[in-house]
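Enquirer: Please see the structure below; I have some questions.
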Amino acid sequence: MKKLSVLLLVTVLSFSIIGCSAKEELTGAAEEINGAAEDLGGPDDSEADLTSSADVDEYASEIDTEVNDIIMNSEDLTSELESLVELEDKWRDKVGNCQTQTEMNSLCDSVRLIWQIESDSLMSRIEVADKSLYDAAVATEWEKYVDTMADRMTYLYEGGSIYSMMWTYNAADRYKENAFGLASTLADLNGEVAFMLPERKNACGYYGDYTSDSYLIINEGMESGTFDVLVHVDDKTEFSGTAEVTNDDVQELTYTGEDGTTGSLSCWALGATLTTDTQTYDFTGRY
-7 MKKLSVLLLV TVLSFSIIGC SAKEELTGAA EEINGAAEDL GGPDDSEADL TSSADVDEYA
53 SEIDTEVNDI IMNSEDLTSE LESLVELEDK WRDKVGNCQT QTEMNSLCDS VRLIWQIESD
113 SLMSRIEVAD KSLYDAAVAT EWEKYVDTMA DRMTYLYEGG SIYSMMWTYN AADRYKENAF
173 GLASTLADLN GEVAFMLPER KNACGYYGDY TSDSYLIINE GMESGTFDVL VHVDDKTEFS
233 GTAEVTNDDV QELTYTGEDG TTGSLSCWAL GATLTTDTQT YDFTGRY
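Using the numbering used here, read the sequence shown as starting at -7 and increasing by one per residue.
Below is the structure:
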């Protein structure tokens, strides 16, 4: 089982607490998260006002308390993640109820805070359970690639009024996927054989090695059940298309390229495969 844990940590490359001590108590983490929010990269300030210190102060403490209450009161990791997904939905609804785009741009960072706090907590627990796995996760320096992944995933909105909000949500989802990977590893260490990840609503995500120039991106399309797909193999090979859900399986899609190419797109927890009429593209890792 330890080999599986190492595979999950290395494949998912789950580390989101660079510069934070995993031994610190959960209570009072809001102050540290405030600083992390200010340091987080993102769109140029001239394009969008992501998050000011005053804005963060208004909700970071509340989120810190809510997340830590869930962590302390959950019976197992399955229920912990399910409750955090519900908390995320609550804060996304708050963003949707904002009166201005500027308010949305600020408040949407609440979602990232939820999953960053959870990642910090999971790393603390992994360090106690297996120091070698913790050290392996630290060595990946995963967090420094979040900006790059968010930049790439938000290509459809570049120059638009909601670019900042979508960029922040894309960054938040990288922390969420990171937390899912860490929770899977910790469940294995804890012997939680009944552990299950929350049901995924769709196949959206960043697939491939984020340290390289080869990746597949799936974003929600304008119509329900449709998705925009971008495939970047290298600097000379990039193409895009659309995809739709096959039957009722949200992880199995039919693909249609802008050039008329057709095929299938299969996604799972650790990667994705795009198969067209003439070529198969494999991408290891889901972030």
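Every residue gets a Cβ at the ideal spot worked out from N, C-alpha and C, and that includes glycine. Keep in mind it's a predicted model, so treat the numbers as computed, not measured.
1) Just the Cα atoms here: how many angstroms apart are Thr218 and Val242?
2) Nearest by alpha-carbon distance to Leu142: which of Ala129, Glu119, Tyr199 is it?
3) Per the DSSP calculation, Leu208 is bridged to which residue(s)?
4) Whole angstroms are fine: how far does the CA of Lys193 sit from the CA of Leu105?
5) Just to check my reading of the structure: Ser111 and Ala163 have Cβ atoms closer than 8 Å, yes? What is that Cβ distance to the nearest angstrom?
6) Would Phe231 and Glu212 be called neighbours here (beta carbons separated by less than 9 Å)?
7) Is any heavy atom of the ligand MN found at a distance shorter than 8 Å from the C-beta of Asn89?
8) How would you call Asp165, buried or exposed, if buried means at least 16 neighbouring beta carbons within 10 angstroms?
9) Can you say whether Asp269 is buried or exposed, counting buried as having 16 or more other CB atoms within 10 angstroms of its CB?
10) With contact counted as at least three CB pairs below 8 Å, one residue from each stretch, are the stretch 132 to 150 and the stretch 61 to 75 in contact?
11) For the beta strand (DSSP E) containing Phe231, name the first residue and the last one.
Expert: Let's see:
1) Here residue 218 refers to the residue found at position 226 of the sequence shown. Here residue 242 refers to the residue found at position 250 of the sequence shown. Rounded to whole angstroms, the gap between the alpha carbons of Thr218 and Val242 is 10 Å.
2) Along the sequence shown, read from residue 1 onward, the residue named residue 142 stands at position 150. Looking at the sequence shown, residue 142 is not Leu but Ala. Closest by alpha carbon: Tyr199.
3) For the purposes of this step, residue 208 is taken as the residue at position 216 of the sequence shown. Answer by DSSP bridge pairing, in chain order: Tyr199, Val223.
4) Against the sequence shown, residue 105 aligns to sequence position 113. Against the sequence shown, residue 193 aligns to sequence position 201. Between Leu105 and Lys193, the C-alpha separation is close to 21 Å.
5) Numbered from its first residue, the sequence shown carries residue 111 at position 119. Numbered from its first residue, the sequence shown carries residue 163 at position 171. Ser111 to Ala163, Cβ: 13 Å. No contact.
6) Within the sequence shown, the letter at position 239 stands for residue 231. Within the sequence shown, the letter at position 220 stands for residue 212. No.
7) The ligand content of the structure shown is nil, which means the ligand MN is not present either.
8) Locating residue 165 in the sequence shown gives position 173, counting from the first residue. Result: buried.
9) Residue numbering aside, residue 269 sits at position 277 when the sequence shown is read from its first letter. Label assigned to Asp269: exposed.
10) Verdict: no, contact absent.
11) Taking the sequence shown and counting its residues from 1, one reaches residue 231 at position 239. 229 to 238 is the span of the beta strand (DSSP E), which, as asked, contains Phe231.
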